[in-house]
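**Student:**
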Ligand SMILES: Cc1ncc(C[n+]2csc(CCOP(=O)(O)OP(=O)(O)O)c2C)c(N)n1
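Protein chains in written order, with the working numbering: chain S, 1 to 323; chain L, 1 to 327.
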């Protein structure tokens, strides 16, 4: 752990991770209670990646997200209540209920949208970086994707161009070991980061459960991108606690209960940061508990807001096909 | 201002140049678009005027640079992405159909994708099955896109300027057999709205709805029909998405007969959509079923004698019209 990160910032990151955790627990409940339509891919366990990455960004920097995107959206600054509203298909949602869990976009916080095509947003993030460079805006773009997306050709096409043209884009690979129901040692030849290095791209690997490590690496990569030194690749090793989606309950055929327990017990990002804060006598348990109570309250009132919110008017169905 | 004759390719180049001068956000992205000006030389001279930051050569990575175009369009630029041959749309369909077309709707209207995908269509160049298809029906199927298929230099210039100024993704098809076609293009500024068909020739015995290069074929057939006393009306929708249903239906009501001619495959094609629009809107006025003429439903063959059989010709349109008119 690095000690030049101040207490205030650490507590903020703790709060953001706790918020994502509480949010996802509620999504699980909503889904199981048949109150949420569609699919829910939970981010629980991976909180340190989204939070460490977004902590190094400014509000007008861009991100693109994935089918497992709630954490990215929240970490980039989306509000809990409007997120829930979108998940429930309500008009108050970020996309007026037309996007749902897998398509949340919030341009006000630089979020260009979650994408349900695995690897599909790599072009968008790279194009946003190209546009930032052309406009001389100083913005950077972050492309979040899973280790499964590492086998999509699009990623390599755009990495090649990003490196050739020195675009300010950071490719953040969330390596949670599984591509849906298949371990990546069955799908992925070679080393993930070696693929980025093949383009001559700066590539780093960090412990994705350690939010400080993610943040520090990301800060460095963002700074070099802003200086015009080009793109980078950040592999964050992490784990999803739940199934691929909420209905994926019987997982024994692809991963063991022991493995899940090991990550939850010894590799949990909230515990890691909490232990560090307390171990270094920077804070005490009561402070962390208050943070958790606060975010729980925010999440509960967000859910209530969304459950009460009206659905879009039926006349909206063919609105916004064209700008 | 005097009118001049320009080729179809020159008209498109002029539209791009004028729009790039007008709007610094417009830039071109594609393979060999810079010094080479594309294999068809459509873009010759743009690199010299606008430089390497606005006329950008890419690697051979159609999905990649199309996706980059989508992202750039979403964040304040107005890219024109060059897909060298329409056949390569197969590679970029995710970016076109799942990304560009859907961003505005999926975001509840908050994001938009003002970009142009320029590409080609058209057989009879002996380019064989992977360089000859007319795939505008593919993209005309997708809500959220706009699709332009101009048939003259005048239309090409006016529609291209509209495409670049549009806030939505536009797929713009240029028939490669028409690049050398000449036509009058005014020097004065003009644009052509999308969704407005053009009556290329007036008549009241039969309606020939024709698209892109088939407009020339239909005009040739109309000339032949005149010899035998049939006055054909030739209508060019100019954009398949949006489609000017009103003009098509009104013409069919007037003439009571219609043939739809298009260079895409006939099965499930643009002709089917237009024929159904006419049948629906003019049913009680029709004296005959609406006929469709498209490309033969085969991969386009290489051999000239075979390839020429795959597309509608003046003669085949003439025969069909004669038959429909009972002559
Ligand atoms: C192009 C594409 N192929 C397949 C799918 C179905 N699918 C959805 S998520 C997923 C697994 C993605 O794995 P990974 O990229 O590692 O992300 P993770 O779910 O682990 O976060 C698959 C195969 C899809 N949505 N898009």
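Note that the Cβ used here is the ideal one computed from N, Cα and C, for glycine as well. None of these values were measured; they are calculated from a predicted model.
1) Taking the continuous beta strand (DSSP E) assigned at residue 261 (chain L), which residues delimit it?
2) Here's a check: name, in chain order, each residue in its chain whose Cβ is nearer than 8 Å to the Cβ of residue 235 (chain L), leaving out the five neighbours to either side.
3) Is there at least one Cβ from chain S nearer than 8 Å to residue 88 (chain L)'s Cβ?
4) Which residues mark the beginning and the end of the beta strand (DSSP E) in which residue 128 (chain L) is found?
5) By the 8 Å beta-carbon criterion, what residues does the stretch 82–101 of chain S contribute toward chain L?
6) Any beta carbon of chain L sitting closer than 8 Å to that of residue 65 (chain S)?
7) So if I threshold CB-CB distances at 7 Å, which residues from the stretch 90–121 of chain L count as touching chain S?
8) Using only the heavy atoms of ligand 1, determine whether one of them is closer than 7 Å to the beta carbon of residue 247 (chain L).
9) In this structure, how does DSSP classify residue 37 (chain S) when only helix, strand and coil are distinguished?
10) Taking 7 Å as the cut-off, does the CB of residue 145 (chain S) come closer than this to any heavy atom belonging to ligand 3?
11) Assuming residue 107 (chain S) contacts residue 141 (chain S) (C-beta within less than 8 Å), just tell me the rounded distance between them.
12) Can you grab the Cα-Cα spacing for the pair residue 296 (chain L) / residue 309 (chain L), in whole Å?
13) In three-state DSSP terms, what is residue 115 (chain L)?
14) Please say whether residue 120 (chain S) and residue 76 (chain S) have beta carbons closer to each other than 8 Å?
15) Does chain L have any CB closer than 8 Å to the CB of residue 320 (chain S)?
16) Out of S:88, S:298, S:159, which one is the CA nearest neighbour of residue 64 (chain L)?
17) If contacts are defined as beta-carbon pairs under 8 Å, then residue 306 (chain S) and residue 61 (chain S) qualify, I think. What distance do you get, rounded to the angstrom?
18) Taking the alpha-carbon positions, what's the residue 125 (chain L) to residue 299 (chain L) distance?
19) What are the partner residues of residue 155 (chain L), as DSSP defines its beta bridges?
20) Whose CA, out of L:179, L:11, L:202, L:26, lies closest to the CA of residue 40 (chain L)?
21) Cβ of residue 67 (chain S) within 7 Å of any heavy atom in ligand 1?
22) Taking all protein chains shown into account, do 16 or more other C-beta atoms lie within 10 angstroms of the C-beta of residue 42 (chain L), making it buried, or fewer, making it exposed?
23) Does the contact criterion of 3 or more C-beta pairs under 8 Å hold for the stretch 215–228 of chain S versus the stretch 181–191 of chain S?
24) Quick one: what's got a C-beta closer than 8 Å to residue 180 (chain S)'s C-beta in the same chain, skipping five residues either side?
25) Between which residues of its own chain and residue 263 (chain L) is the CB-CB distance below 8 Å, once the five residues before and five after are set aside?
26) Give me the Cβ distance between residue 44 (chain S) and residue 242 (chain S), rounded to the nearest whole Å; I'm assuming they're in contact under 8 Å.
27) Taking 8 Å as the threshold, find out whether the stretch 86–94 of chain L comes into contact with the stretch 51–59 of chain L through three or more Cβ pairs.
28) Can you tell me which of the three DSSP states residue 55 (chain L) falls into?
29) For the candidate residues S:95, S:79, S:289, S:27, whose alpha-carbon lies nearest to that of residue 68 (chain S)?
30) Rounded C-beta distance between residue 15 (chain L) and residue 161 (chain L)? I'm assuming under 8 Å.
31) Considering residue 81 (chain S), what are the terminal residues of the beta strand (DSSP E) in which it resides?
32) Could you work out which residue in L:237, L:141, L:75 is closest to residue 195 (chain L) when comparing CA atoms only?
33) Return yes when the C-beta of residue 171 (chain S) is under 7 Å from any heavy atom of ligand 1, and no when it is not.
34) Is it true that the CB of residue 53 (chain S) sits closer than 8 Å to the CB of residue 218 (chain S)?
35) Considering just the uninterrupted stretch of the alpha helix (DSSP H) at residue 21 (chain S), what are its terminal residues?
36) Count the other CB atoms, across all protein chains shown, that sit within 10 Å of the CB of residue 399 (chain S); report buried if there are 16 or more and exposed otherwise.
**Tutor:** Taking the coordinates as given:
1) First-last of the beta strand (DSSP E) with residue 261 (chain L): 258–265.
2) 197, 198, 199, 200, 207, 208, 209, 210, 247, 248, 251
3) Not one chain S Cβ lies under 8 Å of residue 88 (chain L).
4) Taken as a continuous stretch (DSSP letters only), residue 128 (chain L) belongs to no beta strand (DSSP E), as it is neither H nor E.
5) 93, 94, 95, 96, 97, 98, 99
6) no
7) 94, 95, 98, 99, 103, 104, 105, 106, 107, 108, 109, 110, 111, 112
8) no
9) coil
10) The ligand content of the structure shown is limited to ligand 1, which means ligand 3 is not among them.
11) About 13 Å separates the two Cβ atoms, so there is no contact after all.
12) Rounded to the nearest angstrom, the two C-alpha atoms are 8 Å apart.
13) coil
14) no
15) yes
16) Comparing Cα positions, the closest option is S:159.
17) Rounded to the nearest angstrom, the Cβ distance from residue 306 (chain S) to residue 61 (chain S) is 27 Å, too far for a contact under 8 Å.
18) 14 Å
19) Partner(s): none; residue 155 (chain L) has no beta bridge.
20) L:179
21) yes
22) buried
23) no
24) 148, 244
25) 121, 122, 123, 134, 175, 211, 212, 213, 214, 294, 295, 311, 312
26) 6 Å
27) no
28) Of the three classes helix, strand and coil, the one that applies to residue 55 (chain L) here is strand, per DSSP.
29) S:27
30) 5 Å
31) From DSSP, residue 81 (chain S) is part of no beta strand (DSSP E) but of the alpha helix (DSSP H) over 80–87.
32) L:237
33) no
34) yes
35) 7–32
36) Residue numbering for chain S in the displayed model covers 1 to 323; residue 399 (chain S) lies beyond these limits and cannot be assessed.
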